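Contents: one structure, followed by commentary.
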Amino acid sequence: MNLLSWTRRGLMVAAAGAVVAAAALPITAAAQTPPDVLIVGQIAEPKSLDPAAVTAVNDFRILVNVYEGLTRYKSGTLEVEPSLATGWSINEDGTEYTFTLRDGVMFHDGTPFNAEAVKFNFDRMLDEKHPYHDTGPFPLSFFFGAVQSTEAVDATTVKFTLNAPYAPFLSNLAYPTGLIVSPEAVKASGKEFGRNPVGSGPFKFAEWRSNEAVVVERNDDYWGEAAGTKAVVFRPITDANTRVAEMLAGGIDMMVEVPPTSLGEFEGDRFSVAEQAGPHVWFLILNAKEGPFADKRVRQAANYAINKEAIVNNVLEGTASVAAGPTPPAFAWAYNDALEPYPYDPGKAKSLIKEAGADGATLTFYVTEGGSGMLDPVPMGTAIQADLEAVGFDVKIETYEWNTFLGEVNPGLEGKADMAEMAWMTNDPDTLPYLALRSKAWPADGGFNSGYYANEKVDKLLEAARTATDQEERARLYREMQSIVQEDAPWVFVANWKQNAVTSDRVKNFGLEPSFLLHLQKVVKN
Amino acid sequence: MGGYILKRLVSAVPVLLGITIIVFLIMSLIPGDPATAILGSYATPENVEKLNRDLGLDKSMVQRYFIWLGNMLTGDFGRSFSLNRPVIDEVLERFNATLILAGTSFVLCAILGILAGVASAARQYGLADKAITFVVLIGISVPSFFLGMMMILLFAVDLRWLPVSGMFAIYGGGDLPDLINHLIMPALALAAVATGVIARLSRSAMLEVLRQDYIRTARAKGVPERRVIMGHALRAAMVSVIPVLGIQAGFVLSGAVYIEIVFQWPGVGRMLVDAILKRDLLLVQGGVVFVAACYVIFNIVVDAAQSLLDPRIKT
Numbered sequence: 001m002n003l004l005s006w007t008r009r010g011l012m013v014a015a016a017g018a019v020v021a022a023a024a025l026p027i028t029a030a031a032q033t034p035p036d037v038l039i040v041g042q043i044a045e046p047k048s049l050d051p052a053a054v055t056a057v058n059d060f061r062i063l064v065n066v067y068e069g070l071t072r073y074k075s076g077t078l079e080v081e082p083s084l085a086t087g088w089s090i091n092e093d094g095t096e097y098t099f100t101l102r103d104g105v106m107f108h109d110g111t112p113f114n115a116e117a118v119k120f121n122f123d124r125m126l127d128e129k130h131p132y133h134d135t136g137p138f139p140l141s142f143f144f145g146a147v148q149s150t151e152a153v154d155a156t157t158v159k160f161t162l163n164a165p166y167a168p169f170l171s172n173l174a175y176p177t178g179l180i181v182s183p184e185a186v187k188a189s190g191k192e193f194g195r196n197p198v199g200s201g202p203f204k205f206a207e208w209r210s211n212e213a214v215v216v217e218r219n220d221d222y223w224g225e226a227a228g229t230k231a232v233v234f235r236p237i238t239d240a241n242t243r244v245a246e247m248l249a250g251g252i253d254m255m256v257e258v259p260p261t262s263l264g265e266f267e268g269d270r271f272s273v274a275e276q277a278g279p280h281v282w283f284l285i286l287n288a289k290e291g292p293f294a295d296k297r298v299r300q301a302a303n304y305a306i307n308k309e310a311i312v313n314n315v316l317e318g319t320a321s322v323a324a325g326p327t328p329p330a331f332a333w334a335y336n337d338a339l340e341p342y343p344y345d346p347g348k349a350k351s352l353i354k355e356a357g358a359d360g361a362t363l364t365f366y367v368t369e370g371g372s373g374m375l376d377p378v379p380m381g382t383a384i385q386a387d388l389e390a391v392g393f394d395v396k397i398e399t400y401e402w403n404t405f406l407g408e409v410n411p412g413l414e415g416k417a418d419m420a421e422m423a424w425m426t427n428d429p430d431t432l433p434y435l436a437l438r439s440k441a442w443p444a445d446g447g448f449n450s451g452y453y454a455n456e457k458v459d460k461l462l463e464a465a466r467t468a469t470d471q472e473e474r475a476r477l478y479r480e481m482q483s484i485v486q487e488d489a490p491w492v493f494v495a496n497w498k499q500n501a502v503t504s505d506r507v508k509n510f511g512l513e514p515s516f517l518l519h520l521q522k523v524v525k526n
Numbered sequence: 527m528g529g530y531i532l533k534r535l536v537s538a539v540p541v542l543l544g545i546t547i548i549v550f551l552i553m554s555l556i557p558g559d560p561a562t563a564i565l566g567s568y569a570t571p572e573n574v575e576k577l578n579r580d581l582g583l584d585k586s587m588v589q590r591y592f593i594w595l596g597n598m599l600t601g602d603f604g605r606s607f608s609l610n611r612p613v614i615d616e617v618l619e620r621f622n623a624t625l626i627l628a629g630t631s632f633v634l635c636a637i638l639g640i641l642a643g644v645a646s647a648a649r650q651y652g653l654a655d656k657a658i659t660f661v662v663l664i665g666i667s668v669p670s671f672f673l674g675m676m677m678i679l680l681f682a683v684d685l686r687w688l689p690v691s692g693m694f695a696i697y698g699g700g701d702l703p704d705l706i707n708h709l710i711m712p713a714l715a716l717a718a719v720a721t722g723v724i725a726r727l728s729r730s731a732m733l734e735v736l737r738q739d740y741i742r743t744a745r746a747k748g749v750p751e752r753r754v755i756m757g758h759a760l761r762a763a764m765v766s767v768i769p770v771l772g773i774q775a776g777f778v779l780s781g782a783v784y785i786e787i788v789f790q791w792p793g794v795g796r797m798l799v800d801a802i803l804k805r806d807l808l809l810v811q812g813g814v815v816f817v818a819a820c821y822v823i824f825n826i827v828v829d830a831a832q833s834l835l836d837p838r839i840k841t
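Going line by line, the protein sequences match chains A and B. Heads up: the first sequence begins at 1 in my numbering, then just goes up one per residue. Heads up: the second sequence begins at 527 in my numbering, then just goes up one per residue.
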């Protein structure tokens, strides 16, 4: 009965709609977006607005405007600066972090931000016995896996004890997983907190209309500089062509992740395009355990044989730059400026292959159809295939849908493939090499070193960099690691993506951040 | 009649049960699991195992199937992993949107298709017949998503008459004129192919009926041509058109998937595509079962309507 009445109601509305539509066809629409309200075209519906529960950059873009963490990235960099914490001290061996908290900060629900609130946040995520642990799951809680205990020393002092020195801790706190939620709001909403988010940021949550929009409004009681717009509306538009059409038609004021081939549409005065390199690297994992790539010379040959300039300029239309090594240049403080990308030199590649006796080898190449950070993987894969065939390899591509692809690649390439596409976006120079280049990070040990690269020196450098608390010292260790890895060539280093966004001429003061997060506090719109 | 419908309803039960098994098997057997989809690059075996446990996916397939089925019989469709809300809330909300879109399209294609077919048949090989046949051929040949994109470029981006996408204006909309404004393009794009099919079929059905003796008799009696066509011929022709309407309703529903993506209509088709990509098992399963149930019921209604029109079809 219920079903029937649904059907009948739907049909009646539909029939009425059809009649009125036919009568009123030449409607003058073209609604302008309202002033002082910024409408952002997002790539998907957010999963949740609970920062501890989400994993997607798409969701982070909303969260960083509603919540704040103890630390944040200094504008224009990936270096950490104080946010809700005004300062911190680290003990001698790097296992105790004591933070002084900003006084007088209130959550949007009027409850105070203090050390107890911080403790609640981390206990909820990490302690399976915490009464609100069931508001999870918290898929990225391992970012804080080193935290043994959190202690509220007094109202404005909180102390974290780590089970081992872990230098990326401060930048993980600046990552969206470390954003602080209101404990009282979690207690009030329980599992529904993700749809009723309460933070302390420059915008407060107003409403979430499923599949239509998330609306946030200016927080008039914000402790810092007030937001530049009355409200921001985040609209999910999953289809890239439709997102471009909405931007052209004036239905949205800003869009992120413009497809490279559509950038040409936004030339001229009506729009401005922002670009920002970020902590992204696109590479090929080479199987260093067996087959031709077990020989370092053949791995280097692959780096010489592939025309990366052509890939970033022609396939990606200039939306990426050529990668030189395993660490993206966006980590300016830890990046080795002295590294030059492998030049495109098919002659040198051929002679290296000949030297190694690998002429005419057959290579199995895993390509994905799409996926987070993978850019345009199929055209990139075929361009790479052509370049490798030009130096004498016989390359067989196997294409997989993204989740299947991860299921094939993450357990390791042994016995299956010689090379695979991969891309990572991280928040700390430690993350990717630690998870994907150490000999203790082979898939059997739960890591992502799917190509079985092993170099004792690299292992030692990465362990040392993780435990050093002095940033200069860490930077020196990472730089050394990068030159060794580049020489060893466990990967083909292909591209560093530049995130882009388009804004209409009504939007001012907008800039992208290297963290790929979208800070809209200062943006104004007339 | 009542007995016939009851019989059909009873026979729908094994069909729906079969659908639950098929959709469950497909979602369980395709490679990739929800934890991998959620964790992305961070899907270490350890993280995947922990998250699967948190999501309740560590039980055997048979156990999970019966838990799911049992819960569903009590009206509990479970919770979506990717949207973090009850599946049934999401499905009902989305289905409402799809029903508005597909329902409008269906009414449009039925009315326009039958009118076009009758107009063509009324004067075979006349100017109207040729023009309609030509337009119908285009309607059938152009893929609906392409038609939709072209409509967006012309009516929304260039002329700015209509909004590009969505179901309501994003700020300060929500009333009926707003809905209609957003509905025009997707409904027309979705109706195009089905209109063509129905027009062709109505034309040939009408032509056949018009050749029959009783039509000649009616004309000889001096019945006005309008009444011959709209009264005598149309009712007889509808007997062969209506079952096709039922089939076209299915096509309109499935075609809505493309149209919903192009126009970002918040319907059940777009929901299913997103859910499959994110391996949101319960949302896909719940959505498919719900849509299938509606389709089965719709077909029963169409069959009943047919037997009302043509008493020779014994119930």
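We treat Cβ as the ideally placed atom computed from N, Cα and C, and that holds for glycine. Predicted model only: the values in this text are computed from it and were never measured.
CA-to-CA, the gap between A:Leu248 and B:Val683 works out to about 6 Å. What A:Asp430 touches in chain B, judged by beta-carbon distance under 7 Å, is nothing: the nearest beta carbon there is about 14 Å away.
B:Asp800 belongs to the set of residues whose beta carbon lies under 9 Å from a beta carbon in chain A. Bounds of the alpha helix (DSSP H) holding A:Pro346 are 346-356. Counting only residues of its own chain and dropping the five nearest sequence neighbours on each side, A:Leu518 has a CB closer than 6 Å to the CB of Arg61. Within a 10 Å sphere around the beta-carbon of A:Glu513 sit 16 or more other beta-carbons, which makes this residue buried. In terms of Cβ geometry, A:Glu355 and A:Arg297 form a close pair [threshold 9 Å]. Per the Cβ contact rule, the stretch 427-445 of chain A is not in contact with the stretch 379-397 of chain A (fewer than 3 Cβ pairs under 8 Å). The Cβ atoms of B:Ala801 and B:Ser554 do not sit closer than 9 Å to each other.
Under a 10 Å Cβ-count criterion, A:Pro411 is classified as exposed, with fewer than 16 other Cβ atoms of the shown protein chains found around its own Cβ. Contact check for A:Thr426 and A:Ala167: beta-carbon distance about 14 Å, past the 8 Å limit, so the pair fails to qualify. If you ignore the 5 residues before and after A:Gln521, its C-beta comes within less than 6 Å of the C-beta of Pro202, Ala227, all in its own chain and listed in chain order. Residue nearest to A:Pro279 within the set A:Asn526, A:Leu38, A:Phe516 is A:Phe516 (criterion: CA-CA distance).
Neighbours of A:Lys440 across chain B, judged by C-beta separation under 7 Å, do not exist; the nearest C-beta is about 13 Å away. For the pair B:Thr562 and B:Arg805, the CB atoms are nearer than the 9 Å cut-off. By the 16-neighbour rule on beta-carbons within 10 angstroms, A:Ala288 is buried.
If you look at A:Tyr478, you'll find it isn't in any beta strand (DSSP E); it sits in the alpha helix (DSSP H) that goes 471-488. The beta carbon of A:Ile484 sits closer than 7 Å to the beta carbons of Asn455, Lys457, Val458 from its chain, once the five residues preceding and following it are set aside; these are given in chain order.
In the three-state reduction of the DSSP assignment, B:Val735 falls in the helix class.
Note that the C-beta distance between A:Glu480 and A:Leu461 is below 9 Å. For A:Glu96, there is no enclosing alpha helix (DSSP H); the residue is part of the beta strand (DSSP E) that begins and ends at 96-101.
Residues Trp594, Phe603, Gly604, Arg605, Ser606, Phe607, Val613 of the same chain have their beta carbon placed closer than 8 Å to that of B:Leu808, with the five preceding and five following residues left out of the count. Between the alpha carbons of B:Ile664 and B:Lys747 lies a gap of roughly 40 Å.
A Cβ of chain A is located within less than 9 Å of the beta carbon of B:Pro557. Taking B:Leu803 as reference, the option from A:Tyr400, A:Ala495, A:Glu414 with the minimal CA-CA separation is A:Tyr400.
Interface with chain B (9 Å Cβ-Cβ cutoff): A:Asp269 is excluded. The count of Cβ pairs closer than 8 Å, one atom from the stretch 767-782 of chain B and one from the stretch 723-741 of chain B, reaches three, so the stretches are in contact. Assignment of A:Thr242 by DSSP, reduced to helix, strand and coil, places it in the helix class. One alpha carbon belongs to B:Arg745, the other to B:Ala831, and they sit about 29 Å apart. In the DSSP assignment, A:Pro82 falls within the unbroken beta strand (DSSP E) covering 80-82. The beta-carbon distance between A:Leu84 and A:Gly104, rounded to whole angstroms, is 11 Å. This is too long to meet the 8 Å contact definition. Taking a beta-carbon distance threshold of 9 Å, B:Asn597 does not count as an interface residue toward chain A. Contact annotation: A:Ala332 and A:Asn500 have beta-carbon atoms that are not nearer than 9 Å. Its Cα nearest to that of A:Gly145, the residue A:Asn163 stands out among A:Thr368, A:Thr98, A:Asn163. Taking a beta-carbon distance threshold of 9 Å, A:Lys47 counts as an interface residue toward chain B. With a beta-carbon spacing of about 28 Å, A:Ala188 and A:Val37 fall beyond the 8 Å limit used to define contacts.
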